[in-house]
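**Q** Going by the UniProt record's numbering, the first residue of the sequence shown is number 1, and it counts up by one from there.
Please find one structure pasted underneath; my questions will follow.
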Amino acid sequence: MSCDLDVEMKRVFGVFYGQLIGDALGCRYEFKNSTIVCNKMAKDRQPDGFLPILGGGPFGLRPGQITDDSELALSLARSLVANKKYDKFDVACSYAFWTQSDPPDMAKILTSTWRTDLNLDQKRQIYEKIHQNISLYCKTSLSNGCLMRISPLAIAYRKDLDKLKEFAMEDAGLTHLDKVVFDAVRVYTHAIALLINGVDKNEVFEEAQKTAETNVIQGHLEDAKTKAIPVRLPKEPVEFTDGDASFVGYLGVALQSAFYELLHATSFASGVEAAIARGGDTDTNGCIVATLLGARFGVDDIPEAWIKSVRNAVPRSESLDFVSVKDVDSFVPQLANILND
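Structure below.
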């Protein structure tokens with residue numbers, strides 16, 4: 001699908017499709033331990049060894065459908081394109097609007113024009129209310145939600161790394177307040193941006209180590225040189241997790257896995273499948289790992305069947321056009337060219 005794209009745009013599309021594919025492929029195996037996941041993946045493989053995107057999982061998704069991970073990423077991406085910049089008030093409203101789209105049996109779903117009809121003062125009020133809630137309920141959260149949605153920022157601001165750092169922390173601050181979270185999103189988005197810009201994977205890893213400011217993230221990167229698991233937990237006394245039975249949503253599980261696969265995966269598919277095979281939060285780990293690998297390998301290395309699966313998936317709801325990928329061929333270049341507008 002990429003014969004007319006230049007090398008940089010192939011990496012951009014690699015990031016975009018990596019986000020969706022890791023999510024859609026991983027959702028089938030979510031919340032199971034590694035042994036169960038590996039057995040299920042083996043049964044799902046076609047005779048030639050290919051692992052199709054089959055959907056299912058705890059939420060009964062259809063093949064190619066995405067979860068909250070990528071729906072939030074698309075909410076962020078749509079806001080970036082609509083405003084031609086990162087607008088924290090608009091993004092906050094985008095996320096708030098997204099929460100109104102579920103459960104599916106809700107009597108009345110707001111129309112997709114709801115966010116754009118708000119004025120700045122109204123958006124500011126929503127933003128401030130979100131921050132109040134985060135201060136009350138999520139002050140110490142180290143969940144992986146900050147990483148699962150952040151990839152559009154790396155695409156949009158890959159040429160302005162200072163702005164990328166600033167906005168990555170602002171976006172993380174809509175759901176998290178811990179300094180480890182801010183460090184994680186800085187390191188992760190910086191790595192994606194450098195890979196899109198053509199920097200070698202080993203140099204990207206070295207830059208990640210230089211960028212990391214907390215002992216927790218520095219430790220995960222050091223461990224990622226040689227192993228994806230176990231993952232050291234930020235607590236005393238020291239404990240570890242494989243991320244498939246306990247602490248499955250801890251951001252360190254996905255981050256360490258992503259940088260391990262960056263260094264060691266021989267292809268996009270092998271790295272994503274290896275990450276999912278570890279079990280646990282497989283859709284989120286899948287999309288976080290696949291996004292980084294998409295930036296490294298580019299869209300040409302992604303199996304065409306996986307791309308077609310997410311492109312052709314039936315939307316969760318026809319009313320949720322802001323999380324549709326039907327306009328991907330025009331939308332992604334707009335996202336990539338925000339700094340040029």
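Ideal Cβ positions, reconstructed from N, Cα and C, are used throughout, including at glycine.
Measure from the alpha carbon of Ser244 to the alpha carbon of each residue in Ser34, Asp200 and Val289, then state which is nearest.
**A** Here residue 244 corresponds to residue number 244 of the sequence shown, with the count starting at 1. The question names Ser, but residue 244 in the sequence shown is Asp. Considering only alpha carbons, the answer is Ser34.
**Q** Pick out the complete alpha helix (DSSP H) segments inside the segment 10 to 73, 4 residues or longer, and give them in chain order.
**A** Whole alpha helix (DSSP H) segments, 4+ residues: 34 to 44.
**Q** Who are the near neighbours of Lys227 in its chain, counting only those whose CB is closer than 7 Å to its CB and skipping five residues on each side?
**A** Start at 1 with the first residue of the sequence shown, and residue 227 comes out as number 227. Answer for Lys227: Tyr260, listed in chain order.
**Q** Provide the residue span of the alpha helix (DSSP H) that contains Arg149, from first to last.
**A** The sequence position of residue 149 within the sequence shown is 149, counting from 1. Premise fails: Arg149 is in no alpha helix (DSSP H) and is neither H nor E.
**Q** Touch check for the segment 276 to 294 and the segment 18 to 32: three-plus C-beta pairs under 8 Å?
**A** They touch, by the three-pair rule.
**Q** Skipping 5 residues on each side, what residues in its chain have a beta carbon closer than 7 Å to that of residue 342?
**A** With the chain running from 1 to 341 in the structure shown, residue 342 is simply not present.
**Q** Cβ of Asp162 within 9 Å of Cβ of Val185?
**A** As a first step, residue 162 must be located in the sequence shown, where it is residue number 162. As a first step, residue 185 must be located in the sequence shown, where it is residue number 185. Cβ distance not < 9 Å, so Asp162 and Val185 don't count as in contact.
**Q** Could you have a look at Val180 and say whether DSSP puts it in helix, strand or coil?
**A** Residue 180 sits at position 180 when you count from the first residue of the sequence shown. Reduced to three states, the DSSP call for Val180 is helix.
**Q** From the DSSP output, read off the bridge partner residues of Ser143.
**A** Stepping through the sequence shown from its first residue, residue 143 is reached at position 143. DSSP output for Ser143 lists Tyr250 as bridge partner(s).
**Q** For a quick check, are the C-beta atoms of Leu80 and Tyr250 less than 9 Å apart?
**A** In the sequence shown, residue 80 corresponds to position 80, counting from 1. In the sequence shown, residue 250 corresponds to position 250, counting from 1. Not a contact, by the Cβ cut-off of 9 Å.
**Q** With 16 other CB atoms within 10 Å as the buried threshold, where does Pro152 fall?
**A** Locating residue 152 in the sequence shown gives position 152, where the first residue counts as 1. Looking at its Cβ environment, which holds 16 or more other Cβ atoms inside 10 Å, Pro152 is buried.
**Q** How should Pro103 be labelled, buried or exposed, when 16 other C-beta atoms within 10 angstroms of its C-beta is the threshold for buried?
**A** Counted from its first residue, the sequence shown places residue 103 at position 103. A caution first: Pro103 carries a pLDDT of 27, below 50, which makes its placement in the model unreliable, though a value can still be read off. Under this definition Pro103 is an exposed residue.
**Q** Shortest alpha-carbon distance to Leu221 belongs to which of Ser257, Asn197 and Asp178?
**A** In the sequence shown, residue 221 corresponds to position 221, counting from 1. Leu221 has its Cα closest to that of Ser257, out of Ser257, Asn197 and Asp178.
**Q** Between Ala156 and the rest of its own chain, which residues show a CB-CB distance below 6 Å, the 5 nearest in sequence each way excluded?
**A** Here residue 156 refers to the residue found at position 156 of the sequence shown. Cβ within range, chain order: Leu80, Leu335 and Ile338.
**Q** Could you have a look at Val185 and say whether DSSP puts it in helix, strand or coil?
**A** Within the sequence shown, numbered from 1, the residue matching residue 185 stands at position 185. If DSSP states are grouped into helix, strand and coil, Val185 belongs with the helices.
**Q** From Gly294 to Phe182, what distance separates their C-alpha atoms?
**A** Position 294 of the sequence shown, counted from the first residue, corresponds to residue 294. Position 182 of the sequence shown, counted from the first residue, corresponds to residue 182. Going from the Cα of Gly294 to the Cα of Phe182 covers about 23 Å.
**Q** Can you check which of these residues, Gly60, Ala82, Asp87 and Phe97, is closest to Leu72 by C-alpha distance?
**A** By one-based count along the sequence shown, residue 72 stands at place 72. When each option's Cα is compared against that of Leu72, the closest is Phe97.
**Q** Shortest alpha-carbon distance to Ala77 belongs to which of Arg62, Tyr95 and Gly64?
**A** Taking the sequence shown and counting its residues from 1, the one referred to as residue 77 is at position 77. Out of Arg62, Tyr95 and Gly64, Tyr95 has the C-alpha closest to the C-alpha of Ala77.
**Q** Three-state secondary structure (DSSP) at Thr241?
**A** Here residue 241 is taken as the residue at index 241 of the sequence shown, counted from 1. The answer is strand: DSSP assigns Thr241 an E or B state.
**Q** Expressed to the nearest angstrom, what Euclidean distance is found between the alpha-carbon atoms of Lys123 and Phe89?
**A** Taking the first residue of the sequence shown as 1, we reach residue 123 at position 123. Taking the first residue of the sequence shown as 1, we reach residue 89 at position 89. So the alpha carbons of these two residues sit roughly 5 Å apart.
**Q** According to DSSP, simplified to helix, strand and coil, what is Arg232?
**A** The count along the sequence shown starts at 1 and reaches residue 232 at position 232. The answer is strand: DSSP assigns Arg232 an E or B state.
**Q** Assuming the contact rule is C-beta atoms closer than 8 Å, Tyr188 and Ile229 should be a hit. Round their C-beta distance to whole Å, please.
**A** Here the question's residue 188 lines up with position 188 in the sequence shown. Here the question's residue 229 lines up with position 229 in the sequence shown. At roughly 18 Å, the Cβ-Cβ gap does not stay under 8 Å, so Tyr188 and Ile229 are not in contact.
**Q** Within 10 angstroms of the Cβ of Asp87, are there 16 or more other Cβ atoms? Answer buried if so, exposed if not.
**A** Numbered from 1 along the sequence shown, position 87 holds the residue referred to as residue 87. With 16 or more Cβ atoms within 10 Å of its Cβ, Asp87 is classed as buried.
**Q** Mind checking whether Val325 and Ile196 have CB atoms under 9 Å apart?
**A** Walking along the sequence shown from the start, residue 325 turns up at place 325. Walking along the sequence shown from the start, residue 196 turns up at place 196. Their beta carbons are not under 9 Å apart, which means Val325 does not touch Ile196 by this criterion.
**Q** Out of Gly60, Ile21 and Tyr17, state which residue places its alpha-carbon closest to the alpha-carbon of Leu51.
**A** Numbered from its first residue, the sequence shown carries residue 51 at position 51. It is Ile21 whose Cα lies nearest to the Cα of Leu51.
**Q** Are there 16 or more other CB atoms within 10 angstroms of the CB of Lys165, so buried, or fewer, so exposed?
**A** Stepping through the sequence shown from its first residue, residue 165 is reached at position 165. It is buried - the Cβ of Lys165 has at least 16 other Cβ atoms within 10 Å.
**Q** Assuming the contact rule is C-beta atoms closer than 8 Å, Thr99 and Ile134 should be a hit. Round their C-beta distance to whole Å, please.
**A** Position 99 of the sequence shown, counting from 1, holds the residue named residue 99. Position 134 of the sequence shown, counting from 1, holds the residue named residue 134. Not a contact, Cβ separation roughly 14 Å.
**Q** State buried or exposed for Lys36, treating a residue as buried only when at least 16 other CB atoms are found within 10 Å of its CB.
**A** Reading the sequence shown from its first residue, position 36 is the one you call residue 36. This sequence places Ile at residue 36; Lys is not what is there. Ile36 is exposed by the Cβ-count criterion.
**Q** For Gly280, write down the residues that DSSP places opposite it in a beta bridge.
**A** Reading the sequence shown from its first residue, position 280 is the one you call residue 280. DSSP, once it has assigned bridges, lists Lys32 as partnering Gly280.
**Q** State the start and end residues of the unbroken alpha helix (DSSP H) segment that holds Leu161.
**A** By 1-based counting over the sequence shown, the position of residue 161 is 161. Leu161 to Ala172 is the extent of the alpha helix (DSSP H) around Leu161.
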